[in-house]
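If you're matching positions, the sequence shown starts at 0 in numbering that gives the first Met the number 0 and goes up one per residue. Worksheet for the structure shown next.
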Amino acid sequence: MNKRTLALLAALGATTIYGLNHTIAKGAMPDYVGPYGFIMLRLGGASILFWAISFLGPKQRIEKKDWLRILACSLLGMAINMLAFFKGLQLSTPINSSVLVTITPIIVVVLSALFIKEKVTLNKGLGIFLGFVGALGLILFGAEIRQDAPNIPLGNILFVLNATVYGSYLILVKKLLEKYHPFTLMKWLFTIGFVIAFPVTYPEYSAIEWATLPLWVYGVIAFVVIGTTFMTYLFNVFALTQLRASTVGAFVYLQPLIGILFALFSGKDQLTTVKILATVLVLLGVYLASRKPKASP
């Protein structure tokens, strides 16, 4: 099997794990592990794992001028991003989260236009509009009466916040990735994120009753820490070494499909007309917003 095929499988693996995570992680919340307790486990576990493998990369020192950017990336990408997503997942549904997290490319286009003055074409403008109409539709009209989703509109707003701060993180981290090895960068980003989020996450972490947790909950925790947090990053990094970023980015379209199918198959969620329409609008919006214009002849 050649490296390109392996890279495609790695990108597919990362997307699949993300898609499954919407339902699997929600299954343990909040009865066994609170959303913020999960984030302490994710940040702490990923920090340990990235420090453990950092010796495989080059020895690099972070320059003083880059620490402020690293701090901002940790705050946005590892603290606020994860806290908003898991709290939103507790309050809303797996299908809503599968759909709304895919608006990140639209957010990146908007932020790039605002802060680094990237040109917004007609296609991109239409994509932004359709994506936000779909997201707004889920927030305003996607409410259901469900015991496992106590505040769907607020949860959906948190998913949009998650996509917004993660889009900001992607723009900020780009310069750091050009300068430092991914292992060097990740060990520091996750460690600083762990410290930042500690005061918020520790109370729910300390409330976990480890001795009485069912075995399947330990499996969920392992999946979230090792799979969703650690392996997905490694898979995507490997994929990016062999494939164009646009090729890896295209796999975002599979995430809602995998998330929705798994949620339906496991009986943890159900499709409604609003969800179907919102999914179509968001995916069409993401496609138009992230589509590269044809080069002029």
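Cβ atoms here follow ideal geometry from the backbone N, Cα and C, with glycine treated the same way.
Residue i burial status per 10 Å Cβ neighbour count (16 or more: buried)
{"i": "Tyr-17", "result": "buried"}
{"i": "Leu-88", "result": "buried"}
{"i": "Ala-210", "result": "exposed"}
{"i": "Phe-85", "result": "buried"}
{"i": "Val-279", "result": "exposed"}
{"i": "Val-194", "result": "exposed"}
{"i": "Ser-91", "result": "buried"}
{"i": "Phe-114", "result": "exposed"}
{"i": "Ala-206", "result": "exposed"}
{"i": "Leu-19", "result": "buried"}
Cut-off 8 angstroms between Cβ atoms - residues of its own chain near residue i, not counting five sequence neighbours on either side
{"i": "Thr-22", "result": "Pro-93, Gly-258, Phe-261, Ala-262, Ser-265, Lys-267 and Asp-268"}
Given residue i as reference, the closest of the options once Cα atoms are compared
{"i": "Trp-215", "options": "Tyr-31, Val-247, Ile-195 and Pro-152", "result": "Tyr-31"}
{"i": "Thr-190", "options": "Met-39, Phe-158 and Pro-255", "result": "Met-39"}
{"i": "Asn-272", "options": "Gly-133, Ile-106 and Leu-75", "result": "A quick correction: the sequence has Thr, not Asn, at residue 272. Here the closest residue by C-alpha is Gly-133."}
{"i": "Tyr-311", "options": "Gly-192, Phe-197 and Pro-181", "result": "Nothing can be reported for residue 311: it is not among the residues displayed for the chain, which extend from 0 to 296."}
{"i": "Ser-167", "options": "Val-109, Ala-148, Phe-229 and Leu-5", "result": "Val-109"}
{"i": "Thr-200", "options": "Thr-4, Tyr-35, Ala-71 and Leu-8", "result": "Tyr-35"}
Residue i CB to nearest heavy atom of the ligand GDP below 7 angstroms
{"i": "Pro-198", "result": "Although the ligand GDP was asked about, the structure shown includes no ligands whatsoever."}
Residue range of the unbroken alpha helix (DSSP H) whose run includes residue i
{"i": "Met-39", "result": "34 to 52"}
{"i": "Tyr-257", "result": "One detail in the question is off: residue 257 reads as Ile in this sequence, not Tyr. Element bounds for Ile-257: 253 to 264."}
{"i": "Pro-181", "result": "181 to 205"}
{"i": "Ile-105", "result": "103 to 114"}
Contacts around residue i, its chain only, beta-carbon distance under 7 angstroms, and the 5 residues preceding and following it disregarded
{"i": "Phe-222", "result": "Ile-23"}
Chain-order list of residues whose beta-carbon lies under 6 angstroms from that of residue i (same chain, five-residue window excluded)
{"i": "Lys-2", "result": "Gln-241"}
Straight-line Cα distance separating residue j from residue i
{"i": "Gly-56", "j": "Thr-15", "result": "27 angstroms"}
{"i": "Gln-59", "j": "Lys-186", "result": "12 angstroms"}
{"i": "Phe-229", "j": "Leu-48", "result": "7 angstroms"}
{"i": "Ala-112", "j": "Met-81", "result": "25 angstroms"}
{"i": "Ala-74", "j": "Leu-175", "result": "In the sequence as displayed, the identity of residue 74 is Leu instead of Ala. Taking the straight line from one Cα to the other gives about 15 angstroms."}
{"i": "Phe-54", "j": "Gly-226", "result": "21 angstroms"}
{"i": "Asp-65", "j": "Tyr-217", "result": "37 angstroms"}
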